[in-house]
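Heads up: the structure comes next, in C-alpha cells.
Numbering (the numbering used here), first residue to last: 5 to 316.
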C-alpha cells in the first residue's frame, strides 16, 4: 500500500508544467501590438510635411576652413568660370542678329537653346552648372550650397563673363572693327525703373523655379540641362513680349547679373558725383539685386510646392 501512495504523490508535478505555456502566450501579445505603433508614427510624419524645410542640404563638413583644402573645389570654380564665359560668348555673339535684344526668330531661339543645353550638360559634373549669380544666391538661401562656396561661385561667374567680353572684343578688333558696343541698358527713362525691374524680377523667379525643379533630375544630366534651359527660354520670351509689345522697351533686360555687369550698365557721365552714384545704385538694383531676390523667391517657391505635394 505504501508503494501506491508514492505513485499518486507524483501527479501534482504534471500540473505545474502547464504554467510556462500560459506565460509564453502572454509574452507574445506585445509583439502583435507593435505594428499599431508603427502606423501612428507614419501618420505623424505625414502631418509634419514642412519639418526640416530650412535644413542644411550640403555637406556638413564644408566650411571656410575645409573648402579650400579640397582640390575638387578649384575644379568647380574653373568650371563656373569657363561655363559662364561660354554663356557670355553666346549672348554677345547672337546679339547682333537679334536673339537676346529685341528682334528674335525661331531659328535663333533654337540655336540658343541647343547651345545652352550643351554648356550646362558639359559643366554640370564640374560645379553643378549654376552659371548665373541669381541661381547661386538661390542655392545659398535654400541651404543647398555653403555661403563660402556661393560667394566664390559668384566671383568666378563675374570673371567668366568678363573673359567672354574680352574674347568677343578681341575677335572684333582682330577683324579690323572697333570694340563691340554694349546695348543702352541704362537708358530706361525716368518712369522705366520699376518696369524694367519687374521684368528682371519675374524672369529671375522663372529661372530660379525651373533650376530648382531641374535638381530633381540630377541623375539624368540631359534632362537637368533641358529643364534648366527651358526656364531660361521661358523667362526670355516673357521678357521679349512684356518689354517690347506692351512697354515699348528694347535692350533692357538680361536676367544674369554677371553678364549685365559687362554691358556697361554703370553711368560714366553726370552733372555731379551724386548723380553718377545714384545711377550706379539704380543699375545695381535693377540688374543685380532684384534678379537675385527673384532667384531666391523661385527656389523657395519650388520647395514650398514640393512639400505641399509631399514630394520625396
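Using N, Cα and C, we set each Cβ at its ideal position, and we do this for glycine too.
These figures come from a predicted structure and were not determined experimentally.
Excluding sequence positions up to five before and after residue 203, its CB lies within less than 6 Å of the CB of 243, 246, 247 and 257, all in the same chain and listed in chain order.
Residue 311 carries a helical assignment under DSSP once its states are collapsed to helix, strand and coil. Going by DSSP, residue 224 is part of no alpha helix (DSSP H) at all; its letter is neither H nor E. Cβ contact annotation for residue 128 (same chain, cutoff 6 Å, sequence separation greater than five): 225, in chain order. Annotation for residue 279: no residue places its beta carbon closer than 6 Å to its own, counting only its chain and skipping 5 residues before and after.
Looking only at 96, 277, 314 and 133, the smallest Cα-Cα distance to residue 81 is reached by 133. A buried status is given to residue 141, since no fewer than 16 other beta-carbon atoms sit within 10 Å of its beta-carbon.
Just so you know, the alpha carbons of residue 71 and residue 238 end up roughly 35 Å apart. Distance from the Cα of residue 57 is smallest, within the candidate group 236, 229, 145 and 270, for 145.
Of the other Cβ atoms in all chains shown, fewer than 16 fall within 10 Å of the Cβ of residue 78; this residue is therefore exposed. If the five residues before and after residue 205 are omitted, its C-beta is found closer than 6 Å to the C-beta atoms of 294 and 298, all from its own chain and listed in chain order. Within its own chain, the residues whose Cβ lies closer than 7 Å to the Cβ of residue 121, once the five positions on either side in sequence are excluded, are 229, 230 and 233, listed in chain order. Leaving aside the five residues that flank residue 125 on each side, the residues in its chain whose CB is nearer than 7 Å to its CB run, in chain order, 225, 226 and 229.
Under the three-state reduction of DSSP, residue 240 is assigned to helix.
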